[in-house]
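Peer 1:
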Amino acid sequence: AQTVTQSQPEMSVQEAETVTLSCTYDTSESDYYLFWYKQPPSRQMILVIRQEAYKQQNATENRFSVNFQKAAKSFSLKISDSQLGDAAMYFCAYRTAGGRDDKIIFGKGTRLHILP
Amino acid sequence: NAGVTQTPKFRILKIGQSMTLQCTQDMNHNYMYWYRQDPGMGLKLIYYSVGAGITDKGEVPNGYNVSRSTTEDFPLRLELAAPSQTSVYFCASNPPGNYNSPLHFGNGTRLTVT
Numbered sequence: 001a002q003t004v005t006q007s008q009p010e011m012s013v014q015e016a017e018t019v020t021l022s023c024t025y026d027t028s029e030s031d032y033y034l035f036w037y038k039q040p041p042s043r044q045m046i047l048v049i050r051q052e053a054y055k056q057q058n059a060t061e062n063r064f065s066v067n068f069q070k071a072a073k074s075f076s077l078k079i080s081d082s083q084l085g086d087a088a089m090y091f092c093a094y095r096t097a098g099g100r101d102d103k104i105i106f107g108k109g110t111r112l113h114i115l116p
Numbered sequence: 001n002a003g004v005t006q007t008p009k010f011r012i013l014k015i016g017q018s019m020t021l022q023c024t025q026d027m028n029h030n031y032m033y034w035y036r037q038d039p040g041m042g043l044k045l046i047y048y049s050v051g052a053g054i055t056d057k058g059e060v061p062n063g064y065n066v067s068r069s070t071t072e073d074f075p076l077r078l079e080l081a082a083p084s085q086t087s088v089y090f091c092a093s094n095p096p097g098n099y100n101s102p103l104h105f106g107n108g109t110r111l112t113v114t
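Protein sequence lines correspond, in order, to chains A and B. Here the working numbering is used: position 43 in the first sequence is 43, and no number is missing along the way. Here the working numbering is used: position 6 in the second sequence is 6, and no number is missing along the way.
1) Using CA atoms only, rank isn't needed, just tell me which of A:Thr110, A:Ser80, A:Phe75, A:Pro41 is closest to Tyr94 of chain A.
2) Select from B:Asn94, B:Gly16, B:Leu111 the residue whose C-alpha is nearest the C-alpha of Thr71 of chain B.
3) Is the CB of Tyr64 of chain B under 8 Å away from at least one CB in chain A?
4) Whole angstroms are fine: how far does the CA of Thr96 of chain A sit from the CA of Glu29 of chain A?
5) For Ser87 of chain B and Val50 of chain B, I'd like the C-alpha separation in whole angstroms.
6) List, from N- to C-terminal side, the beta strand (DSSP E) runs of 3 residues or more that fit wholly inside the region 4-34 of chain B.
7) Quick one: does Met45 of chain A have its CB under 8 Å from some CB of chain B?
8) Taking a Cβ distance cut-off of 9 Å, strictly less, list which residues of the region 11-30 of chain A are near chain B, in chain order.
9) In this structure, what does DSSP give as the bridge partners for Gln39 of chain A?
10) Which runs of the alpha helix (DSSP H), 4 residues or longer, sit entirely within the region 40-84 of chain B?
11) Reducing DSSP to helix, strand and coil, say where Leu21 of chain A ends up.
12) Among the candidates B:Thr5, B:Leu45, B:Lys14, B:His104, whose CA atom is the shortest distance from the CA of Leu80 of chain B?
13) Taking the alpha carbon of Tyr64 of chain B as the point to measure from, which residue in B:Gly108, B:Asp73, B:Leu103, B:Ala82 has its own alpha carbon closest?
14) For a contact meaning CB atoms closer than 8 Å, what does Asn100 of chain B contact in chain A?
15) Taking only beta-carbon positions, decide if Lys139 of chain A is within less than 8 Å of chain B.
16) By DSSP, does Leu103 of chain B sit in helix, in strand, or in coil?
17) Which stretch, first to last residue, makes up the beta strand (DSSP E) that contains Leu111 of chain B?
18) Counting along the chain, where does the beta strand (DSSP E) carrying Glu52 of chain A start and finish?
19) Should the region 11-25 of chain A be regarded as contacting the region 103-111 of chain A, the criterion being three or more beta carbon pairs within less than 8 Å?
20) Output the boundary residues of the beta strand (DSSP E) element that contains Gln56 of chain A.
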């Protein structure tokens, strides 16, 4: 069974600094998709960034980028120029590449605090 | 376009009572999911469905049942409520064929079992 592990329950970063959130996963599949979601206090789930496992190039979305290491099964999220609005829970998620077994599994999350 | 709609938003149950959490989507999405989120924790997959008539167990299915008679609806049934089922429940959906697309979440149902 696939698992997703986020080893940092909480992290803090100074406003305008850079922070990296860790995520590792376990799978025997070769084709899959990885996501980072943000959950502010409103409980709404917001997609931050996504990565296809078959792509070697790391995904970037403005201030957000990932370091995808397929062999190490690692998918970390880097937030540059941190802003107060980035404070939230961040969840790493794994998705199998279709078929009947189309599960999307989440990690336990990392709570990110932004210090003014 | 309503997206994913969950009802009710809040519910308090007594131990042993039953209830159905409703989830409906109007986006013609094949894939639908039920998650629970305990306080300060991540989302755990309860059940999922890849299409009408097909359902599968997720990570924590015990104490729950689902059905998928239509593409639009994916209700979650709690037969004998227990305090351990106190949680926020999220329904989500995804279109077919695009595995890179983000999940569309409902607003959640906060359930308390006392």
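Beta carbons: idealized from backbone N, C-alpha and C, even for Gly. These numbers were taken from a predicted model, which means no experiment stands behind them.
Peer 2: A quick look at the data gives this:
1) As a first step, residue 94 of chain A must be located in the first sequence, where it is residue number 94. Among A:Thr110, A:Ser80, A:Phe75, A:Pro41, the Cα nearest to that of Tyr94 of chain A belongs to A:Phe75.
2) Position 71 of the second sequence, counting from 1, holds the residue named residue 71 of chain B. Among B:Asn94, B:Gly16, B:Leu111, the Cα nearest to that of Thr71 of chain B belongs to B:Asn94.
3) If you number the second sequence from 1, residue 64 of chain B lands on position 64. Output row for Tyr64 of chain B: interface = no.
4) The sequence position of residue 29 of chain A within the first sequence is 29, counting from 1. The sequence position of residue 96 of chain A within the first sequence is 96, counting from 1. In a straight line, the C-alpha of Glu29 of chain A is about 8 Å away from that of Thr96 of chain A.
5) For the purposes of this step, residue 87 of chain B is taken as residue 87 along the second sequence, with counting starting at 1. For the purposes of this step, residue 50 of chain B is taken as residue 50 along the second sequence, with counting starting at 1. Cα to Cα, Ser87 of chain B sits roughly 24 Å from Val50 of chain B.
6) 4-7, 10-13, 19-25
7) Along the first sequence, one-based indexing puts residue 45 of chain A at 45. For Met45 of chain A, the answer is yes, since a Cβ of chain B falls inside 8 Å of its Cβ.
8) none
9) Counting from one through the first sequence, the residue named residue 39 of chain A turns up at place 39. A:Met89.
10) none
11) Along the first sequence, one-based indexing puts residue 21 of chain A at 21. If DSSP states are grouped into helix, strand and coil, Leu21 of chain A belongs with the strands.
12) Your numbering for residue 80 of chain B matches position 80 in the second sequence. The candidate whose alpha carbon is nearest that of Leu80 of chain B is B:Lys14.
13) In the second sequence, counting from the first residue as 1, residue 64 of chain B sits at position 64. Of B:Gly108, B:Asp73, B:Leu103, B:Ala82, the residue nearest in Cα terms is B:Ala82.
14) Taking the second sequence and counting its residues from 1, the one referred to as residue 100 of chain B is at position 100. Result: Tyr33, Arg50, Glu52.
15) What is shown of chain A runs 1 to 116, which leaves residue 139 of chain A out entirely.
16) Counting from one through the second sequence, the residue named residue 103 of chain B turns up at place 103. Coil at Leu103 of chain B, not helix or strand.
17) What you label residue 111 of chain B is simply residue 111 of the second sequence in a count that begins at 1. That run of the beta strand (DSSP E) goes 109-113.
18) In the first sequence, the residue the question calls residue 52 of chain A occupies position 52. From DSSP, the beta strand (DSSP E) with Glu52 of chain A extends over 46-52.
19) yes
20) Residue mapping note: residue 56 of chain A aligns to position 56 of the first sequence, counting from 1. Unbroken run through Gln56 of chain A: none, as it is neither H nor E.
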